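Visitor: For what it's worth, the working numbering labels the leading residue of the sequence shown as 1487, then goes sequentially.
One structure coming up, written as structure tokens, with questions to follow.
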Amino acid sequence: MKLVVAPNAFKESMSPVVAAHIMRDTAAGSCFSEIVVLPIGDGGDGTLEALAEVVGGEIVAVDVHDPLGNPIKAPLLLWDGRKKAFVEMAKASGLALVPPELRNPMRTSTYGTGELIKAAIEMGAEEVIIGVGGSATVDGGLGALEAIGFRFTDAKGAPVRRGGAGLLELSRVEPPSGFPNTVKIRIMADVRNPLLGTEGAARVYGPQKGASEAEVEMLEGGLERLSKIAKETMGVDISTVEGGGAAGGIAAAFYGFLGASIENGGELFLELVGFDKKVRGASLVLTGEGKLDRQTAYGKGVAAVAKHASRLDIPVVAFAAIIEDRDVLHSLGITAAISIIDRPELSVEKGIADGEELLASSVREIIRLSCSLLGR
């Protein structure tokens, strides 16, 4: 029998690859003679490693700048003869790169993400996929676009500051003359938030990245300014496009200035790895991530796995530390949602620390049950 293990990251505990290997090793020697390892992502932390595990390719370290402008090295993935590239925004512009006391989206910039994109194009990539989860920024993608070659100036013609503060100074944009328009840009997003409004980039995600109430309103005004300029310059309305608020507005900006597509993160990942072909004929799929709830439906990898497996009439068991809204999870195609925190005295913190052991224990029980029910 065939088993597919396709987990996402268990935040602060396990990467998708680590979780997948734990599931594989736990199921080894059971009634499942074939185990397919398909770690998944949806644009956030660990997506690059998960994609590389499945498609292979080449991981290249690039000299870039972190959200505060400090020099670092960040990876990008190239495959298909270097024709395709994947950039994980969190590697260059991620919140985890900024100490808590320095987190402030008025200052943090996406410039490093743009440097990764530029490097991928210079290495020959004809299609660049950008995973935009876990960012530290609300700069409307100005930094990334600047690194690619755009010029953003204030009313006096001087370059605007990097970071969200630059949005407040923005008056004019000059697209680069040499940017290769043939490059296909795809945004891998796991949220549906628009750029502006109560559900927009500044008001929903600004506080999580260190913005005060006053700064949130300033950022909202700056993003409104960006939207207006995009309309005037490119003739594109970026204010309401679904998913445009992802990663502090970089998705909307790339949609408006580069013609990028904003796509469901989980669905895009499964497309890239050829999930349907690899899972066909399986008797069971195991997936999971740190928390499962109604937000799982919005571009998350686990939801995409459940949807595709259920279409093929394959049962899906999803593991998580925290599980809410089971009715919603079942409607997504998840047959059973199992918490790996199996004792009431266990805290979430303990669950994170002992996540690998707890996941292995839970998987072991499901494998025993599945083999028993299948008569093997």
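No residue lacks a Cβ here, since even glycine has one placed at the ideal position from N, Cα and C.
Note that the structure is a prediction, hence the values are computed from the model and not measured.
Name the residue from Leu1524, Ala1513 and Ile1852 whose alpha carbon lies nearest to the alpha carbon of Phe1755.
Guide: If we check each option's Cα against that of Phe1755, Leu1524 comes out closest.
Visitor: With a cut-off of 8 Å on the beta carbons, I'd call Ala1492 and Ser1501 a contact; round off their distance for me.
Guide: Between Ser1501 and Ala1492 the Cβ distance is about 14 Å, and since that is not below 8 Å, they are no contact.
Visitor: Determine the DSSP secondary structure at Gly1626, reduced to helix, strand or coil.
Guide: Reduced to three states, the DSSP call for Gly1626 is coil.
Visitor: Could you check where the beta strand (DSSP E) with Gly1734 kicks off and where it finishes?
Guide: Element bounds for Gly1734: n/a, residue is neither H nor E.
Visitor: Going straight from the alpha carbon of Ala1688 to that of Ile1853, what length do you get?
Guide: Going from the Cα of Ala1688 to the Cα of Ile1853 covers about 44 Å.
Visitor: Considering only residues of the same chain and omitting the five flanking positions on each side of Ala1582, which have a CB-CB separation below 6 Å?
Guide: Closer than 6 Å at Cβ, skipping near neighbours: no residue.
Visitor: Give every residue of the same chain whose Cβ lies closer than 8 Å to the Cβ of Val1548, excluding the five residues on either side of it in the sequence, and list them in chain order.
Guide: Contacts found: Lys1559, Ala1560, Pro1561, Leu1562, Glu1601, Leu1602 and Ala1605.
Visitor: Buried or exposed, going by whether 16 or more other CB atoms sit within 10 Å of the CB of Leu1712?
Guide: Counting Cβ neighbours within 10 Å, Leu1712 comes out buried, since at least 16 surround it.
Visitor: For the stretch 1511–1549, list the alpha helix (DSSP H) runs that are entirely contained and at least 4 residues long, ordered along the chain.
Guide: Whole alpha helix (DSSP H) segments, 4+ residues: 1533–1541.
Visitor: Does DSSP put Phe1761 in a helix, in a strand, or in coil?
Guide: Reduced to three states, the DSSP call for Phe1761 is helix.
Visitor: According to DSSP, is Pro1557 helix, strand or coil?
Guide: Note: Pro1557 maps to strand in three-state DSSP.
Visitor: Return yes when the Cβ of Glu1749 is within less than 8 Å of the Cβ of Arg1672, no when it is not.
Guide: Yes, the pair counts as a contact, with Cβ atoms nearer than the cut-off.
Visitor: Which ranges does the alpha helix (DSSP H) cover as unbroken runs of at least 4 residues, wholly within the stretch 1567–1593, from first to last along the chain?
Guide: Complete alpha helix (DSSP H) runs here, min 4: 1575–1579.
Visitor: Do Thr1668 and Gly1629 have their CB atoms nearer than 8 Å?
Guide: No, these two residues do not count as a Cβ contact at 8 Å.
Visitor: Hey, is Pro1662 close to the ligand ADP, as in C-beta under 7 Å from one of its heavy atoms?
Guide: Of the ligands one can find in the structure shown there are none, so the ligand ADP has no counterpart to examine.
Visitor: Could you check where the alpha helix (DSSP H) with Met1704 kicks off and where it finishes?
Guide: Its alpha helix (DSSP H) spans residues Glu1699 to Met1720.
Visitor: Just mark Gly1643 as buried or exposed, buried being the case when its beta carbon has 16 or more other beta carbons within 10 Å.
Guide: It counts as exposed.
Visitor: If you compare alpha carbons, which of Gly1542, Glu1706 and Ala1697 is closest to Gly1567?
Guide: Taking only the C-alpha atoms, the option nearest Gly1567 is Gly1542.
Visitor: Is the stretch 1810–1820 in contact with the stretch 1834–1853, if contact means three or more CB pairs nearer than 8 Å?
Guide: They do not touch, by the three-pair rule.
Visitor: Quick check: what's the CA-CA separation for Gly1530 versus Met1575?
Guide: Taking the straight line joining both Cα atoms gives about 8 Å.
Visitor: Are there 16 or more other CB atoms within 10 angstroms of the CB of Ile1634, so buried, or fewer, so exposed?
Guide: By the 10 Å Cβ count, Ile1634 comes out buried.
Visitor: In the DSSP output, which residue or residues are listed as bridge partners for Val1863?
Guide: Nothing can be reported for residue 1863: it is not among the residues displayed for the chain, which extend from 1487 to 1862.
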